[in-house]
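J.: Can you keep this structure in mind? I'll have questions shortly.
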Amino acid sequence: MQSSLFVLLAFVSITAACPGLFGMMGGGGGGCGCSAPPPPSPCGCGGRKKRSLPEKPTFFGIAAGDDDNMCNNAELKKIISENMQTSAVDSSKAVNGALESRQLSRFIVVCSENPFVFTVRADTVYCGTRKNDHNCHAFSM
């Protein structure tokens, strides 16, 4: 009888010291001495991080007149016009060489006897002109 009383007393002591051990007192089955995690810091540190966006490219703006919808940079138009040759192949090489020597930016130069349609982002420097029966276009990368 004494041993049963001793076991019962030990059991009551353990359950009183650790109420969550046996699912009592709404502990949800947590172990002895376990408490809830601390609340998040009010400064926002250590929480979920927002991804930053890449830096916006430089906008060169519209530099040519309203009558020229093939070009948004007057300096680029001058370089293309001055370096166009008698053939599309020669013009492409000459315009590209002139742009590289001035080190303005990296450009793609396309010259063709036939007109073509293109689409560029609004913040891209571009220009195209026609001379000697062919078109040349340059687009910044």
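Residue numbers for the sequence shown, in mature numbering (1 follows the signal peptide of the UniProt record, and there is no 0): -17 to -1, 1 to 124. Note that the Cβ used here is the ideal one computed from N, Cα and C, for glycine as well.
Between the alpha carbons of D106 and E96, how many angstroms are there, rounded?
T.: Stepping through the sequence shown from its first residue, residue 106 is reached at position 123. Stepping through the sequence shown from its first residue, residue 96 is reached at position 113. Going from the Cα of D106 to the Cα of E96 covers about 27 Å.
J.: CB-CB under 8 Å to M124, same chain, minus the five flanking residues each way: which ones, in chain order?
T.: Numbered from 1 along the sequence shown, position 141 holds the residue referred to as residue 124. Sequence-distant Cβ neighbours of M124 in its own chain, meaning closer than 8 Å and more than five residues away, are S88, R89, F90, I91.
J.: From R113 to C119, what does the alpha carbon distance come to, in whole angstroms?
T.: Walking along the sequence shown from the start, residue 113 turns up at place 130. Walking along the sequence shown from the start, residue 119 turns up at place 136. Going by the C-alpha atoms only, they are around 6 Å apart.
J.: Within 10 angstroms of its Cβ, does residue 140 collect 16 or more other Cβ (buried), or is it exposed?
T.: Lying outside -17 to 124, the shown extent of the chain, residue 140 is not represented and no answer is given.
J.: Kindly indicate which three-state DSSP category V78 falls into: helix, strand or coil?
T.: Counting from one through the sequence shown, the residue named residue 78 turns up at place 95. It is helical.
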